[in-house]
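Asker: Sharing a structure, written as structure tokens. Questions coming.
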Amino acid sequence: MNQDNKHNEMLYELFGALCNLTITPEQHQQLEEILAADADARQKYFNYLDLHLNLERMHDEQPVSDYELLIQAPLVSSAHTQAPPGPAAKTASAVWLLVSAVCLVLVAGFLVFYQKPPVTPQISQEAPQPQPETTSIAAVTQTASVRFAEGSPFLKVGSSILNCQEYAISAGQLQLIFANGAEVILTGPAVFESQGPDHLAVRYGACSVYAPDGAEGFTVETPLSNVVDYGTRFSVNVSEAGNTDVQVIEGETDVRPVKIKPGSDVKSQRLTRGMAQRLTTNNGVVVDDIPFDQKQYVSQLPDRVVSYTTTVGPENRAEDLKCVTVQRGGKSFQYEVEDLIGIELTHYKGKSFLTRNDGIDPGNDGNPKTLRRHLLDDDRCLLTGVVNPGGSSSPLTSAPVMNEEEDPAHPNTPGMAIRFREPVVNDVGPDIILFDLQVIVHSTTGDAFYVSPLPFTKTSKTHLIQKFDIDLASPEAKPLEKFWLHIFNQKSGIRSRSELETAESNGGNWHVVGAKALATGIDLSDLGFAEGETVEGLFIQDVQDDNDVIDPVFIGGLPPLKHTRK
Numbered sequence: 282m283n284q285d286n287k288h289n290e291m292l293y294e295l296f297g298a299l300c301n302l303t304i305t306p307e308q309h310q311q312l313e314e315i316l317a318a319d320a321d322a323r324q325k326y327f328n329y330l331d332l333h334l335n336l337e338r339m340h341d342e343q344p345v346s347d348y349e350l351l352i353q354a355p356l357v358s359s360a361h362t363q364a365p366p367g368p369a370a371k372t373a374s375a376v377w378l379l380v381s382a383v384c385l386v387l388v389a390g391f392l393v394f395y396q397k398p399p400v401t402p403q404i405s406q407e408a409p410q411p412q413p414e415t416t417s418i419a420a421v422t423q424t425a426s427v428r429f430a431e432g433s434p435f436l437k438v439g440s441s442i443l444n445c446q447e448y449a450i451s452a453g454q455l456q457l458i459f460a461n462g463a464e465v466i467l468t469g470p471a472v473f474e475s476q477g478p479d480h481l482a483v484r485y486g487a488c489s490v491y492a493p494d495g496a497e498g499f500t501v502e503t504p505l506s507n508v509v510d511y512g513t514r515f516s517v518n519v520s521e522a523g524n525t526d527v528q529v530i531e532g533e534t535d536v537r538p539v540k541i542k543p544g545s546d547v548k549s550q551r552l553t554r555g556m557a558q559r560l561t562t563n564n565g566v567v568v569d570d571i572p573f574d575q576k577q578y579v580s581q582l583p584d585r586v587v588s589y590t591t592t593v594g595p596e597n598r599a600e601d602l603k604c605v606t607v608q609r610g611g612k613s614f615q616y617e618v619e620d621l622i623g624i625e626l627t628h629y630k631g632k633s634f635l636t637r638n639d640g641i642d643p644g645n646d647g648n649p650k651t652l653r654r655h656l657l658d659d660d661r662c663l664l665t666g667v668v669n670p671g672g673s674s675s676p677l678t679s680a681p682v683m684n685e686e687e688d689p690a691h692p693n694t695p696g697m698a699i700r701f702r703e704p705v706v707n708d709v710g711p712d713i714i715l716f717d718l719q720v721i722v723h724s725t726t727g728d729a730f731y732v733s734p735l736p737f738t739k740t741s742k743t744h745l746i747q748k749f750d751i752d753l754a755s756p757e758a759k760p761l762e763k764f765w766l767h768i769f770n771q772k773s774g775i776r777s778r779s780e781l782e783t784a785e786s787n788g789g790n791w792h793v794v795g796a797k798a799l800a801t802g803i804d805l806s807d808l809g810f811a812e813g814e815t816v817e818g819l820f821i822q823d824v825q826d827d828n829d830v831i832d833p834v835f836i837g838g839l840p841p842l843k844h845t846r847k
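And the structure:
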């Protein structure tokens, strides 16, 4: 097999994994790098998406009689029904063979698609007229805390942007790549529509465009203008009234006002680096120069926890953490769970803990080596943890009290403390990751919490985290297997780490309401640390802003970047 064939085989394997939702973080990063650098690979990618979408459309339009032949029989349990022999069985087998043959022909045809131009089929006069083909114009490469407006199509990494389909995001960010290599970051709220492989219409909201060599002529259409690129980085911001700001970061663009009133003729203008204009309406389009603001341009999505992978349990839902992908300093890094810096639970004043679906309580299993705190600190399972720590409505202003056994004269501080097995270095982007178990009917953004560095000093500070990088609404949040919730006395709870290991719980309840694993990164810079400084531990408190309390199920430190494998 020559190198071109090997490369194409690898590409189609990545395309298939993406469409089948089986792609790994390593494969996703590999695919993203290939698409950014290789125009031919981008074209193959969009051809593949077109085929994938058209196959789905063919399935949706299949006649009822064929549909019944294909799926009605499998819906009947084989334990209660046995298919009789004879012509009917032979007919069903023939149908399945025919379907299999058609699928093989489609796949084989696609594999040579890039070598032979497609032949337009001849359609008889009696045949119904074909529906317009669904065409993929661009694809989603990244998302960050994105929310979709009601009624808008839902998009995730790998989703196609279809021609002449309107999309609306109410919050967050979405990164797209077009076939010609143009990259666009949209910031919500925004309404947009692609009108060709090099044309994006932005009805409302902010977008930032990077058009590398080969993407010259890429156009952003707004209600008042067409902004045409000549190899640039530029931003466009459209108000609900249609007023448009254009900022050119580098290169050149033409700003071509639209004619909205007969007789009005506002000439197009060439903008270069450091120039900015605003287009408004006042009996026609009015163009004014405005101060240049480079901050309007978004060059990359924020550093964050991007995704994670897990083992799966008997219900095909997540159990144990395997690896996590984190963007740090604008670059994506993947960490196996073994590469993360482990923790030790050193303090706990709270109300409950979680175990796997077997309900086994380490405090009552007869094994002195298994402790309840190990559900968090010696455990990579996302179903287990020492959860519902106490909290405070205001951040810590002095060092917490953390005695192994509570002194009634000096009560322990509500919350939990961890110590890293080796100091964590403050590097660029997130330095620590925290996973939280969130029941699906609770807050979408996750439970807010305070995090303070240990030891607590006057130069460091408590940081408030109000939302997670991967929350309940994120496509990357994985549903969890069922678990058991063990609750201590709801009034007094547990007052120390020692009491955590010995106190009687309610014996545990099987938690029948579903939950997902949320994740967020913690940047030590937000806790007052300078670059290169280290932290030994953290103190975590719930914000006490509602009846729900944070449920940490995994905490780990990230290695310094110089030791990280990309």
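The numbering of the sequence shown is the working numbering, which starts it at 282 and goes up by one.
Built from N, CA and C at the ideal position, the CB exists for glycine as well.
With a threshold of 7 Å on Cβ separation, who are the neighbours of Gly-432 within its own chain once the five nearest residues in sequence on each side are excluded?
Answerer: none
Asker: Return the CA-CA distance between Glu-686 and Cys-662, expressed in angstroms with no decimal places.
Answerer: A direct Cα-to-Cα measurement between Glu-686 and Cys-662 gives close to 28 Å.
Asker: Anyone know if the C-beta pair for Asp-712 and Gly-802 falls short of 9 Å?
Answerer: yes
Asker: Mind checking Ile-821: buried by the 16 CB within 10 Å criterion, or exposed?
Answerer: buried
Asker: From Lys-630 to Arg-776, what distance separates their C-alpha atoms?
Answerer: 5 Å
Asker: For Trp-791, does the count of other Cβ atoms within 10 angstroms reach 16, so buried, or fall short, so exposed?
Answerer: exposed
Asker: If you drop the 5 nearest sequence neighbours on each side, which residues of the same chain put their C-beta closer than 7 Å to that of Pro-760?
Answerer: Contacts found: Arg-598, Ala-599, Gly-795 and Lys-797.
Asker: Using 10 angstroms around the beta-carbon of Thr-500, count the other beta-carbons present and answer buried if the total reaches 16, otherwise exposed.
Answerer: buried
Asker: Tell me the DSSP secondary structure of Glu-780 in three-state form.
Answerer: helix
Asker: Indicate whether Leu-443 and Ser-489 have their beta-carbon atoms separated by less than 9 Å.
Answerer: no
Asker: Can you tell me whether DSSP reads Ile-751 as helix, strand or coil?
Answerer: strand
Asker: Is it right to say Leu-750 is buried, meaning 16 or more other beta carbons lie within 10 angstroms of its own, or is it exposed?
Answerer: Here residue 750 turns out to be Asp, not Leu, going by the sequence shown. The residue in question, Asp-750, is buried, as its Cβ has 16 or more Cβ neighbours within 10 Å.
Asker: With a cut-off of 8 Å on the beta carbons, I'd call Gly-671 and Gly-774 a contact; round off their distance for me.
Answerer: 7 Å
Asker: Cα separation between Ser-679 and Thr-694?
Answerer: 11 Å
Asker: By Cβ distance, which residues of its chain are closer than 8 Å to Val-834, with the 5 residues on each side in sequence left out?
Answerer: Excluding its 5 nearest sequence neighbours in each direction, Val-834 has C-beta neighbours in its own chain below 8 Å: Leu-635, Leu-657, Cys-662, Leu-663, Leu-664, Thr-665, Gly-666, Val-668, Phe-716, Asp-717, Leu-718 and Ala-798, listed in chain order.
Asker: Cα separation between Tyr-578 and Arg-428?
Answerer: Distance from the CA of Tyr-578 to the CA of Arg-428, rounded to the nearest whole angstrom, comes to 21 Å.
Asker: Helix, strand or coil for Tyr-329 per DSSP?
Answerer: helix
Asker: Residue range of the alpha helix (DSSP H) that Asp-658 falls in?
Answerer: 655-658
Asker: In whole angstroms, what is the alpha-carbon distance linking Ser-674 and Val-682?
Answerer: 17 Å
Asker: Using C-beta distances below 6 Å, list every residue in its chain close to Ala-382, excluding the 5 sequence neighbours before and after it, in chain order.
Answerer: Only weak support exists for where Ala-382 lies, its pLDDT of 43 falling under 50; the coordinates are left without a value.
Asker: Unbroken alpha helix (DSSP H) runs of length 4 or more, entirely within the region 559-615: which are they?
Answerer: none
Asker: Return the chain-ordered list of same chain residues with a C-beta closer than 6 Å to the C-beta of Leu-299, the five sequence neighbours on each side being excluded.
Answerer: Gly-439
Asker: In chain order, what residues of the same chain have a beta carbon less than 8 Å from the beta carbon of Leu-626, not counting five sequence neighbours either side?
Answerer: Only residues of its own chain outside the window of five on either side were considered, and among them Arg-654, Leu-657, Asp-658, Val-667, Met-697, Ala-698, Ile-699 and Arg-778 have a CB closer than 8 Å to the CB of Leu-626, listed in chain order.
Asker: Tell me whether Ile-721 sits in a helix, a strand or coil according to DSSP, three-state version.
Answerer: Coil.
Asker: Measure the CB-CB distance between Ala-496 and Gly-462 and report whether it falls below 9 Å.
Answerer: yes
Asker: Among the candidates Ala-754, His-744, Leu-652 and Lys-742, whose CA atom is the shortest distance from the CA of Ser-724?
Answerer: Ala-754
Asker: Would you report the Cα separation of Tyr-485 and Ser-741, rounded to the nearest angstrom?
Answerer: 41 Å
Asker: Does the beta-carbon of Phe-435 have 16 or more other beta-carbons within 10 angstroms, so that it is buried, or is it exposed?
Answerer: exposed
Asker: Does the distance from the C-beta atom of Leu-805 to that of Arg-609 stay below 9 Å?
Answerer: The answer is no: Cβ separation not under 9 Å.
Asker: Beta-carbon within less than 8 Å of Gly-647's beta-carbon, same chain only, minus the 5 sequence neighbours each way: which residues are those?
Answerer: Correct list: empty, nothing qualifies.
Asker: What number of angstroms, rounded off, separates the C-alpha of Gly-644 from the C-alpha of Lys-772?
Answerer: 21 Å
Asker: Tell me whether Ser-489 sits in a helix, a strand or coil according to DSSP, three-state version.
Answerer: strand
Asker: For Lys-603, tell me which candidate among Gly-611, Gly-594, Tyr-616 and Gln-575 has the shortest Cα-Cα distance.
Answerer: Tyr-616
Asker: Check Asp-807 in the structure and name its three-state DSSP category.
Answerer: helix
Asker: Enumerate, from N- to C-terminal direction, the unbroken beta strand (DSSP E) stretches of 3 or more residues contained entirely within the region 659-691.
Answerer: Counting only runs of at least 3 residues, the region 659-691 fully encloses the following beta strand (DSSP E) elements, listed from N- to C-terminal order: 666-670.
Asker: Count the other CB atoms, across all protein chains shown, that sit within 10 Å of the CB of Val-465; report buried if there are 16 or more and exposed otherwise.
Answerer: buried
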